[in-house]
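At position 177 of the sequence shown the residue is numbered 177 (this note's numbering), and the sequence of numbers has no breaks. Okay, structure first, notes after.
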Amino acid sequence: MVWSYPSRIEKSQNELNDIQRKIKQLDGIDTEFFTLEKLLLEKEEKLASIDKQIEADITTANVYDYLNKILNYSGIIEFNLSFKEQKNFGSYGFNTYNLQGDAEFRRIYNFINYLEQGPHVYEIVRLKLQGMESKNEETDKMELILPFDMEIKAYFATVEDLQNDAKKLSDVKVATAQDPFYPSILRNLPLNTDALLEVEQASLKAIIPGKALIADNGGEIHVLREGDRVYLGYLTRIDTENNLVEFTLNKGGIIEKIVLNLEFDANKDKK
C-alpha cells in the first residue's frame, strides 16, 4: 500500500498538468469571442444597410426595360443590346451583355453613374470610348459624339431574409464632370449659322466715337461696338488714334488676333 502512493501522486500530477494546459488554451478565448461577435454585428449592420434590390432571376427583356428606365434620367442614348452568356453558381450568378451605341459624353457619363449606383446590381467590366466630331443635322453645328462599346454584368441571387429599403433611380446623385474627350483644338470649325460678320473677309470703312463701320465681302455695312460678336469671336478694341479695330477669334482652340486698318483712298483727287 505504501509503495502505491508515488504512482498515484504521479498520475494525479499528470492529470493536473493536463488540466492546467487546457486552462491555458482557454486564455484569451473570451477576447476572441467578443472580437468575433463585434465582427458579426458589423456584417449584419452592413448587410442591413445595402440599398440594392437583388433579383432572383434576370432576362434580356428585364435588362432592356431597366436600361430604358435609366435613359429617362441620363438622357436618350441610341444603343444595341446583345446577350453574351450566363454564369450560374447555384445561389447566385450573372448574365453578361454587350452594349453598343453613341452619344455625347455627358449622357454616357450619366448613364454609367445610374447603372452602377442604381437599385439593381450591375457591373461594367469593359468600356471602350472614342471621340468623333460630327455635324448636328438639325442645328448644322459641330459636336463631339462618343461611339462606345460596353460589356456589363447583371447579377441575380436567391437571398433569404434580406430586409432593406432599395434606393430608386431618382435617388441617384450624379456629380458634374468635365468632358475629357473634348479636344483643345477642333479639326472642323462651326458653321456661321447666325450670319455674323466674317472679319477675315471684311474691311474697315469708318470709325466714329465708340463704333466701327465695317463692310463684309458682299459690301453690307455692319456697325459694331467693342464686345460685339463676330464669326468665331468678338470685336475687342476700337483704336481711334491709330484708325484700326482689333478682333479676337477662337478657331477651334487656336486664338488669333485680327486687325483691320482704316483704308484711305490714295487716288483721291487733290485740290
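Here a beta-carbon is modelled for each residue, glycine too, at the ideal position from N, C-alpha and C. Fair warning: this is a prediction, and the values are worked out from it, not measured in the lab.
Hey, would you say residue 195 sits closer than 8 Å to residue 214, going by beta carbons? Within the sequence shown, the letter at position 195 stands for residue 195. Within the sequence shown, the letter at position 214 stands for residue 214. Taking 8 Å as the Cβ cut-off, residue 195 and residue 214 do not qualify as a contacting pair.
Might you give, ordered along the chain, the residues of its own chain that have their beta carbon closer than 7 Å to the beta carbon of residue 226, omitting 5 neighbours on each side? Start at 1 with the first residue of the sequence shown, and residue 226 comes out as number 226. Hits under 7 Å: 235, 236, 237 and 238.
Write down the C-beta distance between residue 157 and residue 66 rounded to the nearest angstrom, noting that I regard them as a contact closer than 8 Å. As a first step, residue 157 is located in the sequence shown; it is residue number 157 there, counting from the start. As a first step, residue 66 is located in the sequence shown; it is residue number 66 there, counting from the start. Not quite, the Cβ-Cβ distance comes to about 16 Å (not below 8 Å), so this is no contact.
Compute the distance between the beta-carbons of residue 260 and residue 244, then report whether it is under 8 Å. The residue you call residue 260 lines up with position 260 of the sequence shown. The residue you call residue 244 lines up with position 244 of the sequence shown. Yes, the pair counts as a contact, with Cβ atoms nearer than the cut-off.
What residue range does the beta strand (DSSP E) around residue 126 cover? Along the sequence shown, one-based indexing puts residue 126 at 126. From DSSP, the beta strand (DSSP E) with residue 126 extends over 122–129.
Is residue 34 buried or exposed, if buried means 16 or more other CB atoms sit within 10 Å of its CB? Sequence index remark: in the sequence shown, residue 34 carries index 34 (1-based). Flag for residue 34 reads exposed.
Taking only the alpha-carbon atoms, compute the straight-line gap between residue 210 and residue 254 and give it to the nearest angstrom. Walking along the sequence shown from the start, residue 210 turns up at place 210. Walking along the sequence shown from the start, residue 254 turns up at place 254. Using only the alpha carbons, I get a separation of about 28 Å.
Could you say which of 228, 232, 233 and 205 lies nearest to residue 220 if we only look at CA atoms? Position 220 of the sequence shown, counted from the first residue, corresponds to residue 220. For the residues 228, 232, 233 and 205, the minimum Cα distance to residue 220 belongs to 205.
Where the beta strand (DSSP E) containing residue 212 begins and where it ends: The residue labelled residue 212 in the question sits at position 212 within the sequence shown. Here the beta strand (DSSP E) through residue 212 covers 211–215.
Counterpart residues of residue 91 in DSSP-defined beta bridges: To locate residue 91, count along the sequence shown from 1; it is residue 91. Its beta-bridge partners do not exist; DSSP assigns none.
Reference residue 150; option with closest CA among 229, 54 and 80: Residue numbering aside, residue 150 sits at position 150 when the sequence shown is read from its first letter. Out of 229, 54 and 80, 80 has the C-alpha closest to the C-alpha of residue 150.
Can you grab the Cα-Cα spacing for the pair residue 146 / residue 100, in whole Å? Taking the first residue of the sequence shown as 1, we reach residue 146 at position 146. Taking the first residue of the sequence shown as 1, we reach residue 100 at position 100. C-alpha separation (whole angstroms): 11 Å.
For residue 224, count neighbouring C-beta atoms within 10 Å of its own C-beta (all shown protein chains included) and say buried if the count is 16 or more, exposed if not. As a first step, residue 224 must be located in the sequence shown, where it is residue number 224. Residue 224 should be labelled buried.
Residue 237 - partner residues in DSSP beta bridges: Your numbering for residue 237 matches position 237 in the sequence shown. For residue 237, which the question treats as bridged, DSSP gives the partners 246.
Which term fits residue 95, buried or exposed, when burial requires 16 or more other beta carbons within 10 angstroms of its beta carbon? Residue 95 sits at position 95 when you count from the first residue of the sequence shown. So residue 95 ends up on the buried side.
Does the Cβ of residue 108 have 16 or more other Cβ atoms within 10 Å, making it buried, or fewer, making it exposed? As a working note, residue 108 is residue 108 in the sequence shown. The residue in question, residue 108, is buried, as its Cβ has 16 or more Cβ neighbours within 10 Å.
Quick check: the Cα distance between residue 118 and residue 199, rounded to an integer number of angstroms? Stepping through the sequence shown from its first residue, residue 118 is reached at position 118. Stepping through the sequence shown from its first residue, residue 199 is reached at position 199. Cα to Cα, the separation comes out at about 51 Å.
Sub-8 Å separation of residue 113 and residue 174 beta-carbons: Position 113 of the sequence shown, counted from the start, is the residue given in the question as residue 113. Position 174 of the sequence shown, counted from the start, is the residue given in the question as residue 174. For residue 113 and residue 174, yes; Cβs fall inside 8 Å.
Nearest-angstrom Cα separation, counted from residue 123 out to residue 115: Mapped onto the sequence shown, residue 115 falls at position 115. Mapped onto the sequence shown, residue 123 falls at position 123. Those two C-alpha atoms are separated by around 8 Å.
Using C-beta distances below 7 Å, list every residue in its chain close to residue 98, excluding the 5 sequence neighbours before and after it, in chain order. Here residue 98 refers to the residue found at position 98 of the sequence shown. Excluding residues within five positions, the ones whose Cβ falls inside 7 Å are 82, 84 and 151.
Take residue 315 as the anchor and find which of 69, 103, 167 and 242 has the nearest alpha-carbon. With the chain covering 1 to 271 only, the question about residue 315 has no answer from this structure.
What span of residues does the alpha helix (DSSP H) with residue 115 cover, start to end? If you number the sequence shown from 1, residue 115 lands on position 115. Its alpha helix (DSSP H) spans residues 105–117.
Return the first residue and the last residue of the alpha helix (DSSP H) that residue 63 is part of. The residue you call residue 63 lines up with position 63 of the sequence shown. Counting along the chain, the alpha helix (DSSP H) containing residue 63 begins and ends at 60–74.
In angstroms, rounded to a whole number, what distance separates the CA positions of residue 193 and residue 246? By one-based count along the sequence shown, residue 193 stands at place 193. By one-based count along the sequence shown, residue 246 stands at place 246. Each residue's alpha carbon lies about 23 Å from the other.
Determine the DSSP secondary structure at residue 230, reduced to helix, strand or coil. As a working mapping, residue 230 is identified with position 230 in the sequence shown. Of the three classes helix, strand and coil, the one that applies to residue 230 here is strand, per DSSP.
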